[in-house]
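Residue numbers (UniProt numbering), protein chains in the order written: chain A, 1 to 361; chain B, 1 to 361; chain C, 1 to 361; chain D, 1 to 361.
Glycine included, every Cβ here is placed at the ideal spot set by N, Cα and C.
The structure appears below as structure tokens.
There are 4 protein chains.
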Amino acid sequence: MRKIVISTGGGDAPGLNAVIYAVVKSASMRGWEVYGSRSGYRGLLDYDDLVRLTPKEVEGITPIGGTILGSTNKENPFAMPITNLAGEVKVVDVSNRVLENFKRMGFYCHIAVGGDGSLEIAHRFAQKGMPVIGVPKTIDNDLKATDRTFGFDTAVATATEALDKLHSTAKSHDRVMVVEVMGRESGWIALYSGISGGADVILIPEVPFDIDKVCEKITDNELHDKHYSIVVVAEGAKAKDGTVVVKEKGELGRQEVVLGGIGERVARQIREKLGKDTRSLVLGHLQRGGSPTTFDRLLALRFGAAAVRMAEAGTFDHMVAWTPPCMSAVPLAEAVSSRKMVDLESDKVMTAREIGICLGD
Amino acid sequence: MRKIVISTGGGDAPGLNAVIYAVVKSASMRGWEVYGSRSGYRGLLDYDDLVRLTPKEVEGITPIGGTILGSTNKENPFAMPITNLAGEVKVVDVSNRVLENFKRMGFYCHIAVGGDGSLEIAHRFAQKGMPVIGVPKTIDNDLKATDRTFGFDTAVATATEALDKLHSTAKSHDRVMVVEVMGRESGWIALYSGISGGADVILIPEVPFDIDKVCEKITDNELHDKHYSIVVVAEGAKAKDGTVVVKEKGELGRQEVVLGGIGERVARQIREKLGKDTRSLVLGHLQRGGSPTTFDRLLALRFGAAAVRMAEAGTFDHMVAWTPPCMSAVPLAEAVSSRKMVDLESDKVMTAREIGICLGD
Amino acid sequence: MRKIVISTGGGDAPGLNAVIYAVVKSASMRGWEVYGSRSGYRGLLDYDDLVRLTPKEVEGITPIGGTILGSTNKENPFAMPITNLAGEVKVVDVSNRVLENFKRMGFYCHIAVGGDGSLEIAHRFAQKGMPVIGVPKTIDNDLKATDRTFGFDTAVATATEALDKLHSTAKSHDRVMVVEVMGRESGWIALYSGISGGADVILIPEVPFDIDKVCEKITDNELHDKHYSIVVVAEGAKAKDGTVVVKEKGELGRQEVVLGGIGERVARQIREKLGKDTRSLVLGHLQRGGSPTTFDRLLALRFGAAAVRMAEAGTFDHMVAWTPPCMSAVPLAEAVSSRKMVDLESDKVMTAREIGICLGD
Amino acid sequence: MRKIVISTGGGDAPGLNAVIYAVVKSASMRGWEVYGSRSGYRGLLDYDDLVRLTPKEVEGITPIGGTILGSTNKENPFAMPITNLAGEVKVVDVSNRVLENFKRMGFYCHIAVGGDGSLEIAHRFAQKGMPVIGVPKTIDNDLKATDRTFGFDTAVATATEALDKLHSTAKSHDRVMVVEVMGRESGWIALYSGISGGADVILIPEVPFDIDKVCEKITDNELHDKHYSIVVVAEGAKAKDGTVVVKEKGELGRQEVVLGGIGERVARQIREKLGKDTRSLVLGHLQRGGSPTTFDRLLALRFGAAAVRMAEAGTFDHMVAWTPPCMSAVPLAEAVSSRKMVDLESDKVMTAREIGICLGD
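Have a look at this one:
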């Protein structure tokens with residue numbers, strides 16, 4: 001009887017539990033046993049963090065946000081920060097230990113669910129001889145190898161719902177509302193939620209913006225007797241004139257976002273230039289939370305079932321991908337290499353412009 | 001300056017207003033004028049039912065369910081039932097009057113949003129010389145020419161949410177809950193909502209079912225210490241042994257559904273065979289209502305914008321279709337000719353089976 | 001150290017888990033141990049159905065519908081149907097066994113969460129010497145002793161949301177939608193959801209209706225250019241002229257509802273009298289499901305905490321009740337004796353009439 | 001025939017449209033005419049801002065957030081800032097003009113919906129001879145004269161939903177999430193949403209907090225194997241040791257909140273003291289938006305209907321108030337004089353403590 005191990009790594013995304021559910025159920029269907037490794041690779045470093053996952057255990061987890069296995073975006077077995085008794089932090093390569101444990105426990109393969117960081121680590125393990133199958137997870141939908149990733153539709157739904165709520169307040173008070181959504185490298189969430197949520201302006205990393213164009217749109221609204229405006233700004237949007245908002249990950253956490261997130265900056269500029277009552281809001285972690293939409297549940301379940309099919313076929317060092325109309329296997333090496341940006345010639349962007357949305361250019 | 005007219009026909013679907021919004025906005029962007037014909041073709045029979053649609057008029061309608069133009073599935077200008085003063089009903093062909101009015105008002109083209117019935121009528125008008133562009137609408141997602149239709153994702157979301165709600169009650173009371181969802185000819189809504197909503201059994205028209213297999217699954221659940229089951233049944237599901245549930249549209253309306261809908265019948269059989277506490281529920285019109293999901297809003301807006309692009313290009317007698325990754329134009333004659341059934345070899349159906357869902361076969 | 005046992009009985013209601021959560025947390029705070037009896041009194045008949053509930057166990061259950069302990073409305077220890085090996089069913093009084101087990105395990109008291117049936121049983125146990133505290137549960141809000149019961153606000157929210165969804169479809173198609181909601185004896189859910197959900201007609205048990213008045217209202221809407229109507233009917237509504245819809249609980253389950261529920265009957269009469277396109281829908285179990293609203297969560301948590309306070313004070317054979325602005329203790333004997341009907345002189349009913357809602361009289 | 005005018009003032013709150021709906025419907029029922037004054041008193045200064053409100057006009061507005069009349073918290077007819085052609089701002093008393101217009105148009109009375117600022121202005125008009133009836137609106141629920149105000153339940157629901165979403169992310173990543181909710185003077189929203197949403201810590205203005213107690217609670221969670229915590233902070237919460245966060249309304253708008261909102265400050269302190277991964281989020285305007293809950297719809301509709309009843313009875317210079325179980329009339333002079341703080345002896349606060357929530361003291 002085969003035994004497989006599953007892990008979830010990186011920032012959480014709605015649908016992770018659905019992937020786990022499908023893996024457990026469809027592996028059990030084949031008579032296999034499934035184990036979960038807690039917080040990324042911890043279960044392969046310490047038995048205490050390895051849990052047996054039976055169908056009973058995963059019953060009802062599909063609609064639940066987060067991941068029952070826990071996740072982390074700080075631990076890489078190839079460069080693990082370890083604190084010794086003296087309190088000093090040393091970076092150690094524990095990948096061999098992971099591999100040995102994997103073999104000692106007799107695992108047939110490892111299903112690694114994660115973003116580009118996690119998938120890269122998975123690929124390195126594959127090169128070291130671990131049979132690995134990747135399942136892509138990025139709430140930003142910016143992975144080139146797959147048409148869609150789970151979590152994205154839910155994030156867009158949450159952002160759209162927030163825009164729906166802000167409309168009434170903006171309209172009642174003749175206000176400009178600036179909403180900052182996720183998207184450091186690409187503007188997918190901003191574009192989708194902005195179009196669906198009736199935004200007047202959408203600013204995305206792919207289109208450097210001119211604040212005067214933004215103000216023109218707001219003024220044009222006034223002329224047409226619409227005295228409020230909704231501006232959606234992706235985290236990574238930047239001004240044409242080079243005003244780049246620097247954001248570093250790491251120690252400071254959200255601090256610098258708060259001290260001058262792009263949303264707040266845009267709001268301030270609009271306020272100064274137009275004298276309109278302008279407010280800003282950062283949606284932040286709300287976009288990662290909550291029960292996955294049906295779209296994301298279905299996609300995640302299909303990913304999980306397809307991963308087990310790939311395991312059965314022995315298609316290792318590959319990632320499952322959605323390439324409509326079917327699922328396919330993409331080599332991990334390729335999968336993590338390139339990002340998917342918003343195509344400015346696509347009918348989505350054309351639609352945005354044609355229904356009167358200003359993209360800041 | 002061009003003037004165009006838009007109509008919505010057939011049963012309502014979430015997203016109709018989004019189509020109208022996109023048509024009005026993107027036509028206005030080109031300097032065109034848009035008029036709405038109320039309740040299908042009524043605005044082309046009677047001026048009182050023709051309304052001017054400006055961007056101001058359609059502001060904020062995208063998230064609203066239904067259609068601001070009203071809809072009907074009873075009126076066909078080629079065979080219109082007309083009641084005379086004596087109370088007699090006569091079927092009359094008023095299509096020439098519609099065409100004359102269309103020309104008299106100087107319309108450049110007609111954007112007809114509707115299901116297969118409405119699109120067929122649109123095609124007949126196209127053959128008579130009216131420049132027509134179709135926008136597909138079927139909540140059942142069963143149109144072959146387009147990968148997806150708007151309204152479907154919302155219907156699935158509503159059904160999934162209902163399943164989520166029923167889980168807790170079923171579990172608390174060790175009950176079998178049978179839920180009947182829409183789908184006369186195809187099982188799309190049942191399949192998608194059933195997988196997403198954690199159903200144990202999904203019965204669809206494409207797979208004639210054996211009630212004993214259904215009962216086996218429920219009993220198997222018991223063995224695995226799961227004392228409740230959720231059964232999703234499409235309206236058009238039928239038993240293998242020929243027990244066909246006949247449902248005619250028309251006068252009787254929902255009456256016969258209530259007197260013995262397939263959901264209630266399945267529930268009764270389970271109750272008799274297993275002696276389990278079993279309840280049934282018909283979701284009915286709830287599935288057509290409510291605010292469209294972001295997926296449906298986006299798709300509907302893109303359909304609307306694409307229809308105006310087709311109008312500009314003069315691609316008449318065609319329907320806009322989503323053929324990922326782009327929008328395309330399909331001849332109306334082709335578009336309405338064939339339905340899309342659930343592909344039993346698809347990875348969705350495979351996923352369903354692999355995660356342990358019984359399809360009744 | 002004190003040990004207490006908690007049980008949930010009767011039909012499920014959103015908020016049951018919140019009560020359990022609060023009992024476990026606030027008892028643990030006092031250093032007590034809490035045990036849960038599965039499916040009503042089963043844990044006091046069979047050790048296997050008794051579970052230890054620690055704060056860890058109940059973490060995160062507040063927002064979850066149903067009850068983690070399971071519930072039943074078929075088992076009464078004073079008259080328990082028991083099937084012998086020959087398949088014969090005999091009704092046996094096992095209350096002494098329950099009491100003995102209760103004492104043998106050294107329980108300090110029993111917190112019984114349930115409807116009038118369960119509370120009556122609890123009172124009988126109190127008379128036999130078991131220290132019992134009741135927590136009222138009725139989704140119908142028809143218990144006189146307490147101003148509100150948990151679950152009701154959620155049921156009303158679900159019904160209102162359904163009405164919101166049906167509006168767009170009714171309006172788009174010039175239709176009459178008849179919606180049957182829970183309420184056998186009283187019209188609370190119908191009244192609250194009908195007012196909030198913009199119903200035109202609300203029929204409740206407290207006001208025997210005249211179908212001609214209902215039709216008059218619908219016709220009056222037409223005159224005022226509102227071509228659709230929403231009719232909300234409580235399960236127990238009845239016509240003035242004596243047309244009573246008989247519904248017996250028991251073997252037949254929902255069957256007779258389906259064969260002629262009051263909603264379907266009203267719809268049929270409207271269709272016949274006015275010739276309007278009329279549809280009906282039974283919300284049924286959807287109203288019991290789902291995550292409790294914040295109102296219900298808060299009320300249920302307060303009930304749970306108050307029950308433990310009563311346990312500490314030794315106020316047994318009483319039920320916790322909300323008597324604004326504070327919680328109080330009501331003798332169980334009194335608590336179950338009288339129902340709360342809709343007060344026809346209350347400002348809620350006045351409001352309904354004044355904003356133009358027809359109550360059928 | 002009587003003519004009345006209605007206005008909405010101050011920040012918007014879910015339910016404003018429900019009040020307008022009920023006023024229009026129940027006044028029309030009496031044969032009266034209703035007019036709406038846009039953006040507070042503007043309709044009484046300029047005819048263009050006065051709109052006729054018929055039942056047709058208000059159809060379907062109950063579920064819609066915001067106010068169809070618009071609102072402002074910047075204009076006070078007794079001290080109106082007016083900009084002359086030279087660009088100078090002068091503060092002018094235009095109250096006599098408002099009163100004259102009111103009389104010239106033959107209005108019978110004015111129904112003023114608003115917060116304490118708006119109600120005070122209403123009272124001054126009453127003293128000048130305008131028959132005025134107030135309807136209380138404060139999303140913070142901090143008006144002593146009425147048990148509840150509409151909008152509050154919706155704000156709490158929005159905050160609770162956000163907490164539900166953050167749970168999964170906090171849990172998956174072993175994180176502390178700090179959420180700042182509305183409440184400058186009182187902690188109602190924080191308390192209600194915190195209890196319902198499973199917060200570990202709730203900081204409110206009524207209880208000056210000790211950050212060490214907060215950290216103790218988080219550490220205690222760790223000991224009990226709960227590696228994440230949710231902290232809810234009211235805008236106006238302040239530390240025991242005098243670290244008061246000063247926030248002035250006015251020119252700076254949200255700016256200083258962003259530069260050091262109490263939520264961000266608390267998060268920073270936790271991060272520094274415990275070294276835990278800690279994030280903060282400001283819910284801000286999301287809490288004012290969206291469709292009112294059924295609770296708020298019902299309350300707002302009852303307020304509107306009661307206001308018209310008071311108008312009929314001639315009870316002017318009074319405000320409608322909910323004093324369970326009935327509506328009553330409170331003199332405006334009294335109504336605006338005192339705020340309602342969270343009662344620290346109430347069973348709600350006791351419940352919070354008993355289920356293990358830390359209030360920071």
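Assigned secondary structure, Arg-339 (chain B) (DSSP; H/G/I helix, E/B strand, else coil): strand
Should Ile-270 (chain C) and Ala-234 (chain C) be called a contact, given that it needs their Cβ atoms to be closer than 7 Å? no
Terminal residues of the beta strand (DSSP E) in which Cys-109 (chain D) lies: 109–114
Counterpart residues of residue 442 (chain A) in DSSP-defined beta bridges: Coverage of chain A is limited to positions 1 through 361, which leaves residue 442 (chain A) absent and any answer about it impossible.
Rounded to whole angstroms, what's the CA-CA distance from His-167 (chain D) to His-227 (chain D)? Just pull it up for me. 12 Å
What are the residues in the region 204–228 of chain B lying within 8 Å of chain A by C-beta distance? His-224, Asp-225 and Lys-226
Would you mind stating whether residue 363 (chain A) and Gly-360 (chain A) have Cβ atoms separated by less than 7 Å? In the structure as shown, chain A starts at 1 and stops at 361, and residue 363 (chain A) therefore has no counterpart that could be examined.
Taking the alpha-carbon of Tyr-21 (chain C) as reference, which of C:Gly-60, C:Gln-127, C:Val-156 and C:Leu-44 has the nearest alpha-carbon? C:Gly-60
Residues sharing a beta bridge with Lys-137 (chain D), DSSP: Partner(s): none; Lys-137 (chain D) has no beta bridge.
Under the three-state DSSP convention, the category Trp-322 (chain B) falls into: strand
Any beta carbon of chain C sitting closer than 7 Å to that of Ala-239 (chain B)? no
Around the Cβ of Glu-272 (chain C), are there at least 16 other Cβ atoms within 10 angstroms (buried) or fewer (exposed)? exposed
With a CB to CB cut of under 7 Å and the five nearest residues on each side skipped, what residues in its chain are close to Leu-310 (chain A)? The sequence as given places Met at residue 310 (chain A); Leu does not occur at that position. The answer, listed in chain order, is Ile-133, His-318, Val-320 and Ala-329.
If you check the beta carbons only, do Asp-102 (chain D) and Leu-45 (chain D) fall under 7 Å apart? Here the sequence assigns Phe to residue 102 (chain D), which means Asp is not the residue at that position. Not closer than 7 Å, so no.
Neighbour list for Ala-22 (chain B) in chain A, Cβ cutoff strictly below 9 Å: Thr-351, Glu-354 and Ile-355
Hey, would you say Pro-324 (chain B) sits closer than 7 Å to Thr-154 (chain B), going by beta carbons? no
Name the residue from A:Leu-16, A:Pro-55 and A:Val-232 whose alpha carbon lies nearest to the alpha carbon of Ser-28 (chain A). A:Pro-55
Exposed or buried, what is Tyr-41 (chain D) when buried is set at 16 or more other beta-carbons lying within 10 Å of its beta-carbon? buried
Does the structure place the region 118–131 of chain C close enough to the region 84–103 of chain C that three or more beta carbon pairs sit under 8 Å? yes
Cβ-based contacts, 9 Å cut-off: residues of the region 316–329 of chain D near chain G: In the structure shown, chain G cannot be found, because the protein chains are A, B, C and D.
Would you report the Cα separation of Gly-289 (chain D) and Thr-160 (chain D), rounded to the nearest angstrom? 14 Å
Give the DSSP-derived three-state secondary structure of Met-327 (chain B) in the structure shown. strand
Could you work out which residue in B:Ala-157, B:Asp-12 and B:Gly-263 is closest to Phe-295 (chain A) when comparing CA atoms only? B:Ala-157
Mind checking which residues open and close the beta strand (DSSP E) that includes Ser-39 (chain A)? Element bounds for Ser-39 (chain A): n/a, residue is neither H nor E.
Could you name the residues of chain A that Pro-63 (chain B) contacts, counting a contact when the two beta carbons are closer than 7 Å? Asp-164
Between Gly-187 (chain C) and Gly-70 (chain C), what straight-line distance do the alpha-carbon atoms span, to the nearest angstrom? 28 Å
Can you find a C-beta in chain B that's less than 7 Å from the C-beta of Ala-313 (chain A)? no
Which of helix, strand or coil does DSSP assign to Lys-56 (chain D)? helix
Rounded to whole angstroms, what is the Cα-Cα separation between Gly-250 (chain C) and Lys-74 (chain C)? Below a pLDDT of 50, predicted positions are generally treated as unreliable, and Gly-250 (chain C), at 37, falls in that range; the measurement from the model is reported next regardless. Each residue's alpha carbon lies about 10 Å from the other.
For chain C, find out if any of its Cβ atoms is closer than 7 Å to the Cβ of Cys-358 (chain D); answer yes or no. no
Residues near Leu-184 (chain B) by beta carbon distance below 6 Å, same chain, minus five either side: With the sequence shown as reference, residue 184 (chain B) is identified as Arg, and Leu is not the correct amino acid for it. Answer for Arg-184 (chain B): Glu-235 and Gly-236, listed in chain order.
DSSP-derived helix/strand/coil call for Gly-352 (chain A): Note that residue 352 (chain A) is Ala in the sequence shown here, rather than Gly. DSSP places Ala-352 (chain A) in helix when its eight states are reduced to three.
Who are the Cβ neighbours of Leu-252 (chain B) in its own chain at under 8 Å, not counting the five residues just before and after it? Unreliable positioning characterises Leu-252 (chain B) in this predicted model, as indicated by a pLDDT of 36, which lies under 50. The coordinate reading is nonetheless provided below. Same-chain partners within the cutoff: there are none.
Where do the N-terminal and C-terminal ends of the alpha helix (DSSP H) with Ala-300 (chain A) fall, by residue? 294–313
What residues from chain D crowd round Met-177 (chain A), counting only those whose CB sits closer than 9 Å? His-285
Who are the neighbours of Asp-12 (chain C) on chain B, taking C-beta pairs under 8 Å? Ser-168, Thr-169, Ser-172 and His-173
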